[in-house]
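Here the structure is laid out as structure tokens; the discussion comes afterwards.
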Amino acid sequence: MKRLIRYSILGVLASAMAACATSPQPVVYVYPTRGQGVEQVSRDQAECQAWAKHQTGFEPAMDTAKGAAVGAAVGALGGAAAGAAVGAATGSPGKGAAIGAVAGGLGGAGVGAAVGYAKSKDGYDQAYAACMSGHGYAATTQGIARPQIAGSPPPPPPPPVAVAPPPVIMQTPPQLVVVPGMPVYYAPGGNVNYFVYGGRNYLFHNGAWFYAAAYNGPWTYIALEHVPQPVLSVPVQYYRVPPGHSKSGWCPPGLAKQGRC
Numbered sequence: 008m009k010r011l012i013r014y015s016i017l018g019v020l021a022s023a024m025a026a027c028a029t030s031p032q033p034v035v036y037v038y039p040t041r042g043q044g045v046e047q048v049s050r051d052q053a054e055c056q057a058w059a060k061h062q063t064g065f066e067p068a069m070d071t072a073k074g075a076a077v078g079a080a081v082g083a084l085g086g087a088a089a090g091a092a093v094g095a096a097t098g099s100p101g102k103g104a105a106i107g108a109v110a111g112g113l114g115g116a117g118v119g120a121a122v123g124y125a126k127s128k129d130g131y132d133q134a135y136a137a138c139m140s141g142h143g144y145a146a147t148t149q150g151i152a153r154p155q156i157a158g159s160p161p162p163p164p165p166p167p168v169a170v171a172p173p174p175v176i177m178q179t180p181p182q183l184v185v186v187p188g189m190p191v192y193y194a195p196g197g198n199v200n201y202f203v204y205g206g207r208n209y210l211f212h213n214g215a216w217f218y219a220a221a222y223n224g225p226w227t228y229i230a231l232e233h234v235p236q237p238v239l240s241v242p243v244q245y246y247r248v249p250p251g252h253s254k255s256g257w258c259p260p261g262l263a264k265q266g267r268c
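Residues 8 to 268 in the working numbering are what the sequence shown spells out, letter by letter.
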């Protein structure tokens, strides 16, 4: 029974030591978001570690040792008391106190190291992560932070397409006749408004506008609201092709008298 009590108390101390020794510590992970090379990452890490140490006064190796020393002293006192109780139960209080002091010191060292390390390491990690973030890294204590790469913005919607009637090619375009010496053409058999504008030939015929690359067509229907007005309107009745003359070689009497054609 005495041996069982002694082993139970020492087992509690050993469990505390194991729990403290295996307590997880946060680790700062950094990920280069600007394509930094290995050498640049090493330089930035060293600089940020020094900056975090300066800001918090925490140095991982030294502060862990300090926490272990304080915890060992406190643990030795508690362990000695527990060991004395075990020794009293077994009839050897002095021996039990010594054993308890050793066990308590070991356990206290682990406890002190873990507690002191955890409290100071939090601030150190935050300062280090802030510094690395300022140098263009994604930093986290939860795991590797992958940068959020934004996709290309969607293209703007296409402009609205104006739906217009398809061009209509006249099946029987009017045949215009050129008047030599004058920028005038006419179509036999009806009233026609015709003019040249911007390198194109425009024709107003039967209430609609048409255009063509040549004066005699083929003519294409223009589906427009506004079309330039003709610069000259020619009454067809004043221009007739006399018998025996070709349309291209005919000259009005007035121009013939002046020798202009």
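We put the CB at the ideal spot given by N, CA and C, even for glycine.
The three-state secondary structure of R41, taken from DSSP, is coil. With respect to the 8 Å criterion, S140 and A146 are classified as neighbours on the basis of their beta carbons. In chain order, A59, T63, F65 place their CB closer than 6 Å to the CB of Y131, counting only its own chain and leaving out the 5 sequence neighbours on each side. Per DSSP, the continuous beta strand (DSSP E) segment holding H212 begins and ends at 207-212. A146: member of the beta strand (DSSP E) spanning 144-147, first to last residue.
Within the DSSP bridge table, the entry for W216 names F211 as partners. G143 and R50 do not touch by the CB rule: their CB atoms are close to 13 Å apart, not below 8 Å.
In this structure V35 is buried. Its beta-carbon is surrounded by 16 or more other beta-carbon atoms within 10 angstroms. Using a 10 angstroms sphere on the CB of V45, the tally of other CB atoms stays under 16, which defines it as exposed. By the neighbour-count criterion, in which 16 or more other beta carbons inside 10 Å mark a residue as buried, V168 falls on the exposed side. With a threshold of 16 other beta carbon atoms within 10 Å, A136 meets it and is buried.
Looking at the backbone, the Cα of A221 and that of P161 are separated by about 46 Å.
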